[in-house]
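Chemist: Residue numbers (the UniProt record's numbering), protein chains in the order written: chain Z, 1 to 246; chain R, 1 to 246.
Just so it is clear, CB atoms sit at the ideal spot from N, CA and C, and this is done for glycine as well.
In this text the structure is predicted, and so the values were computed from the model without any measurement.
Protein chains: 2
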Amino acid sequence: MRTPSDGSGRVIGVQRRRRPTKTGTVLSHELIVRTAIRLLSQHGTDALSVRRLGTALGADPSSLYRYFRNTDDLVLAIADELIGRAIEGLRPSGNWRDDLRDVGHRLHATYLAHPQVAVLSAARVTRRPNEVRGVEIGLGILRSAGFSPEQAARHYHSFIDLSLGFAALDAAASALPRNHADGDHEAWRSTYARLPSDEYPHITACADALAATMAASAYPAALDLLLDGIAAQLPSGPRESATDDQ
Amino acid sequence: MRTPSDGSGRVIGVQRRRRPTKTGTVLSHELIVRTAIRLLSQHGTDALSVRRLGTALGADPSSLYRYFRNTDDLVLAIADELIGRAIEGLRPSGNWRDDLRDVGHRLHATYLAHPQVAVLSAARVTRRPNEVRGVEIGLGILRSAGFSPEQAARHYHSFIDLSLGFAALDAAASALPRNHADGDHEAWRSTYARLPSDEYPHITACADALAATMAASAYPAALDLLLDGIAAQLPSGPRESATDDQ
DNA sequence: ATCTTACGACAACACTGTTGACGACGAAAG
DNA sequence: CTTTCGTCGTCAACAGTGTTGTCGTAAGAT
Numbered sequence: 001m002r003t004p005s006d007g008s009g010r011v012i013g014v015q016r017r018r019r020p021t022k023t024g025t026v027l028s029h030e031l032i033v034r035t036a037i038r039l040l041s042q043h044g045t046d047a048l049s050v051r052r053l054g055t056a057l058g059a060d061p062s063s064l065y066r067y068f069r070n071t072d073d074l075v076l077a078i079a080d081e082l083i084g085r086a087i088e089g090l091r092p093s094g095n096w097r098d099d100l101r102d103v104g105h106r107l108h109a110t111y112l113a114h115p116q117v118a119v120l121s122a123a124r125v126t127r128r129p130n131e132v133r134g135v136e137i138g139l140g141i142l143r144s145a146g147f148s149p150e151q152a153a154r155h156y157h158s159f160i161d162l163s164l165g166f167a168a169l170d171a172a173a174s175a176l177p178r179n180h181a182d183g184d185h186e187a188w189r190s191t192y193a194r195l196p197s198d199e200y201p202h203i204t205a206c207a208d209a210l211a212a213t214m215a216a217s218a219y220p221a222a223l224d225l226l227l228d229g230i231a232a233q234l235p236s237g238p239r240e241s242a243t244d245d246q
Numbered sequence: 001m002r003t004p005s006d007g008s009g010r011v012i013g014v015q016r017r018r019r020p021t022k023t024g025t026v027l028s029h030e031l032i033v034r035t036a037i038r039l040l041s042q043h044g045t046d047a048l049s050v051r052r053l054g055t056a057l058g059a060d061p062s063s064l065y066r067y068f069r070n071t072d073d074l075v076l077a078i079a080d081e082l083i084g085r086a087i088e089g090l091r092p093s094g095n096w097r098d099d100l101r102d103v104g105h106r107l108h109a110t111y112l113a114h115p116q117v118a119v120l121s122a123a124r125v126t127r128r129p130n131e132v133r134g135v136e137i138g139l140g141i142l143r144s145a146g147f148s149p150e151q152a153a154r155h156y157h158s159f160i161d162l163s164l165g166f167a168a169l170d171a172a173a174s175a176l177p178r179n180h181a182d183g184d185h186e187a188w189r190s191t192y193a194r195l196p197s198d199e200y201p202h203i204t205a206c207a208d209a210l211a212a213t214m215a216a217s218a219y220p221a222a223l224d225l226l227l228d229g230i231a232a233q234l235p236s237g238p239r240e241s242a243t244d245d246q
């Protein structure tokens with residue numbers, strides 16, 4: 001039997017034998033995940049195949065199945081690695097709002113730095129160490145703000161899904177192949193600006209504004225709105241008043 | 001040459017010859033999209049392959065390339081069809097808040113009704129008719145509330161990305177294979193509830209609350225928060241119902 | 001009735017994920 | 001040091017994938 005993982009997707013036996021591959025490289029979970037992320041970032045979403053990853057590692061593709069049960073298992077490991085990079089070096093300031101916004105922006109930025117990776121992994125629940133640590137951090141921030149366990153759980157849920165949802169969306173938009181991406185940006189000028197004004201009066205009236213706003217992510221604004229809403233539910237009342245950006 | 005579509009992904013020549021396939025069915029864009037959605041909904045995300053779709057239609061797989069340039073083109077058509085179903089029969093009440101929430105809930109519900117389809121299409125910008133109509137509707141609602149073109153565009157951006165982001169996330173969660181989905185729901189009880197309380201004090205304190213909140217989507221709550229924030233920026237002040245027509 | 005040509009079918013190509021079998025070699029046991 | 005053990009890298013194979021070039025047939029226009 002070849003069962004490198006148990007039901008939860010976690011690998012069972014810690015690696016013991018470190019036999020080098022034919023080309024000399026010594027495989028490991030970490031190396032495989034790192035190489036996969038590099039492959040994705042450099043050559044796009046379609047570049048991640050077991051075979052390509054194998055040759056990139058200088059190993060037979062089937063070797064990877066000694067480390068991951070299947071491709072999905074590998075994707076989950078990649079997702080967890082990305083979460084780990086996002087929360088790495090996190091320094092809570094003590095101000096729950098700033099801290100939560102920091103976590104959100106770190107997540108969003110990390111995913112957008114590797115859009116091809118994010119497309120595969122942003123919408124996945126990994127249940128792996130880094131994700132667990134992230135949950136602990138998020139809950140800790142909210143509880144330190146004075147929220148009850150129930151409130152903390154609920155608000156964490158809204159916060160993390162908002163952040164990952166935007167990450168998935170924004171990543172998908174910027175992970176498109178070059179010509180497509182350019183087209184998508186320009187679409188709001190070309191396609192939407194040239195619609196018949198009698199049939200689409202609102203679009204034509206807002207065409208310039210649409211092109212302007214669609215160039216950037218709406219995540220920061222949406223996150224601040226969410227934080228406003230959470231602050232309004234603080235048991236002790238919203239201490240520092242809601243931010244009025246722009 | 002086989003170029004059924006122009007650069008924007010839209011099909012050029014309207015179908016003229018309607019030669020029945022070997023098994024008698026007469027192909028069309030609409031039939032192909034409908035069949036693809038049915039295939040996805042019934043047999044999961046992996047069930048959508050050109051070959052399977054071909055046999056489901058009773059046609060040779062390569063016939064589909066007379067209607068769609070490639071699989072991605074087909075996916076965009078599927079996405080637009082889903083948008084169309086979401087905004088079908090929409091009845092604006094005149095209350096911008098209710099209307100926008102209605103659009104959001106319709107989108108979210110439609111995507112969640114076909115999670116396997118949503119996984120493929122929620123994060124895609126189609127630039128196709130139904131999406132354009134959706135943009136027009138959303139902008140119209142916001143402008144009727146009294147927002148300027150700039151504000152309407154910005155708020156529409158936040159609104160639609162929030163909605164589609166949650167749709168993508170929630171769809172991905174419920175599109176997992178049976179055993180995985182159950183595991184994901186149960187994960188918050190099993191995995192997260194059994195962590196060492198000294199290392200993860202907040203998770204253990206919130207374990208029950210986490211399991212409770214994670215069972216449902218956070219989208220309704222997040223959407224209401226967003227609408228609150230938008231209402232607060234109304235030019236005439238956040239009035240309860242800003243009903244007026246243009 | 002004839003002519004185009006759209007479009008469905010066929011075959012082929014280069015891929016993909018995954019698995020069973022096999023054997024080499026690192027680590028533990030004597 | 002030798003011997004055993006079993007992990008893990010390799011090989012070969014299978015069934016499946018998206019996509020395209022070619023070809024003939026029949027639908028619609030003349």
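Can you give, in chain order, each stretch of the alpha helix (DSSP H) that sits fully within the region 100–179 of chain R and has at least 4 residues?
Modeler: Taking only runs of at least 4 residues, the alpha helix (DSSP H) segments lying wholly in the region 100–179 of chain R are 115–121, 129–144 and 149–174.
Chemist: Do T126 of chain Z and D80 of chain Z have their CB atoms nearer than 8 Å?
Modeler: Yes; because the gap between Cβ atoms is below 8 Å, this pair is in contact.
Chemist: Taking only three categories from DSSP, how would you classify E88 of chain R?
Modeler: E88 of chain R: coil per DSSP, three-state reduction.
Chemist: Can V50 of chain Z and T35 of chain Z be called in contact, C-beta distance under 8 Å?
Modeler: In this structure, T35 of chain Z does not lie closer than 8 Å to V50 of chain Z by Cβ.
Chemist: Could you tell me whether any Cβ in chain R is nearer than 8 Å to the Cβ of R91 of chain Z?
Modeler: Chain R, which has no Cβ nearer than 8 Å to the Cβ of R91 of chain Z, makes this no.
Chemist: What three-state label does DSSP hand residue 247 of chain R in the structure shown?
Modeler: There is no way to answer for residue 247 of chain R, as the model of chain R reaches only from 1 to 246.
Chemist: I'd like to know whether the C-beta of I78 of chain R is nearer than 8 Å to at least one C-beta of chain Z.
Modeler: Not an interface residue.
Chemist: Taking just the CA atoms, how far does L162 of chain R sit from G134 of chain Z?
Modeler: Going from the Cα of G134 of chain Z to the Cα of L162 of chain R covers about 22 Å.
Chemist: Does the beta-carbon of L64 of chain R have 16 or more other beta-carbons within 10 angstroms, so that it is buried, or is it exposed?
Modeler: Counting Cβ neighbours within 10 Å, L64 of chain R comes out buried, since at least 16 surround it.
Chemist: Between which two residues does the alpha helix (DSSP H) harbouring S190 of chain R extend?
Modeler: Its alpha helix (DSSP H) spans residues S190 to A193.
Chemist: Can you give me the Cβ contacts of H108 of chain R inside the same chain, cut-off strictly under 7 Å, excluding the 5 residues immediately before and after it?
Modeler: Only S163, F166, A167 and Y219 meet the Cβ criterion.
Chemist: Does DSSP classify Y67 of chain Z as helix, strand or coil?
Modeler: Note: Y67 of chain Z maps to coil in three-state DSSP.
Chemist: Quick check on E199 of chain R: does DSSP put it in helix, strand or coil?
Modeler: Of the three classes helix, strand and coil, the one that applies to E199 of chain R here is coil, per DSSP.
Chemist: Closer than 7 Å by C-beta to P20 of chain Z: which residues in its own chain qualify, once you throw out the five before and the five after it? Chain order, please.
Modeler: Answer for P20 of chain Z: V26, listed in chain order.
Chemist: Hey, could you find the ends of the alpha helix (DSSP H) A221 of chain R is sitting in?
Modeler: That run of the alpha helix (DSSP H) goes Y219 to A232.
Chemist: Beta-carbon of H114 of chain R versus every beta-carbon of chain Z: anything under 8 Å?
Modeler: H114 of chain R does not count as touching chain Z.
Chemist: Can you give me the start and stop residues for the alpha helix (DSSP H) that V50 of chain R sits inside?
Modeler: That run of the alpha helix (DSSP H) goes V50 to L57.
Chemist: Between L100 of chain R and I203 of chain Z, how many whole angstroms is the CB-CB distance? I'm expecting something under 8 Å.
Modeler: With a Cβ gap of about 17 Å, L100 of chain R and I203 of chain Z do not count as contacting.
Chemist: In chain R, what lies closer than 7 Å to R194 of chain Z by C-beta?
Modeler: What R194 of chain Z touches in chain R: nothing, since even the nearest Cβ is about 11 Å away.
Chemist: By the DSSP assignment, the alpha helix (DSSP H) with L31 of chain R in it spans what residues?
Modeler: L31 of chain R -> alpha helix (DSSP H) spans H29 to H43.
Chemist: If you drop the 5 nearest sequence neighbours on each side, which residues of the same chain put their C-beta closer than 6 Å to that of N130 of chain R?
Modeler: Closer than 6 Å at Cβ, skipping near neighbours: D80, I83 and G84.
Chemist: The ligand ZN and R85 of chain R: does the residue's C-beta get closer than 7 Å to at least one heavy atom of that ligand?
Modeler: With respect to the ligand ZN, the structure shown offers nothing to examine, as it has no ligands at all.
Chemist: Can you tell which of R:C206, R:L40 and R:T213 has the C-alpha that lies nearest to the C-alpha of Y111 of chain R?
Modeler: For the residues R:C206, R:L40 and R:T213, the minimum Cα distance to Y111 of chain R belongs to R:L40.
Chemist: Which word fits Q42 of chain Z, buried or exposed, when buried means at least 16 other C-beta atoms lie within 10 angstroms of its C-beta?
Modeler: Exposed, since its Cβ has fewer than 16 Cβ neighbours within 10 Å.
Chemist: Could one say the Cβ of T25 of chain R lies closer than 8 Å to chain Z's Cβ atoms, at least one of them?
Modeler: Not closer than 8 Å to any Cβ of chain Z, the Cβ of T25 of chain R fails to qualify, so no.
Chemist: Taking all protein chains shown into account, do 16 or more other C-beta atoms lie within 10 angstroms of the C-beta of A215 of chain R, making it buried, or fewer, making it exposed?
Modeler: When all chains shown are included, A215 of chain R counts as exposed.
Chemist: Please state whether DSSP places V26 of chain R in a helix, a strand or coil.
Modeler: Coil, per DSSP.
Chemist: Keeping to the same chain, check which residues put their C-beta closer than 8 Å to that of V75 of chain Z; ignore five residues upstream and five downstream.
Modeler: Closer than 8 Å at Cβ, skipping near neighbours: L120, S121 and R124.
Chemist: Can you tell me which of the three DSSP states A79 of chain R falls into?
Modeler: In this structure, A79 of chain R counts as helix in the three-state DSSP scheme.
Chemist: Please confirm if S5 of chain R has its CB atom under 8 Å from at least one CB of chain Z.
Modeler: Model confidence at S5 of chain R stands at a pLDDT of 44, short of 50, so the residue's coordinates are unreliable; what they give is reported in the following sentence. S5 of chain R does not count as touching chain Z.
Chemist: Please say whether G44 of chain Z and Q116 of chain Z have beta carbons closer to each other than 8 Å?
Modeler: Cβ distance < 8 Å, so Q116 of chain Z and G44 of chain Z count as in contact.
Chemist: Suppose the cutoff is 8 Å on Cβ atoms and the five residues either side in sequence are ignored; what does the same chain contact list for A153 of chain Z look like?
Modeler: Cβ within range, chain order: L139.
Chemist: Identify which residue in Z:A173, Z:E30, Z:E150 and Z:G229 has its Cα closest to the Cα of A209 of chain R.
Modeler: The residue with the shortest Cα to Cα distance from A209 of chain R is Z:E150.
Chemist: List, in order along the chain, the chain Z residues whose C-beta lies closer than 7 Å to that of F166 of chain R?
Modeler: Per Cβ cutoff of 7 Å: D161 and G165.
Chemist: Report back the beta-carbon spacing between R189 of chain R and A211 of chain R to the nearest angstrom; my notes put them in contact at under 8 Å.
Modeler: At roughly 5 Å, the Cβ-Cβ gap stays under 8 Å, so R189 of chain R and A211 of chain R are in contact.
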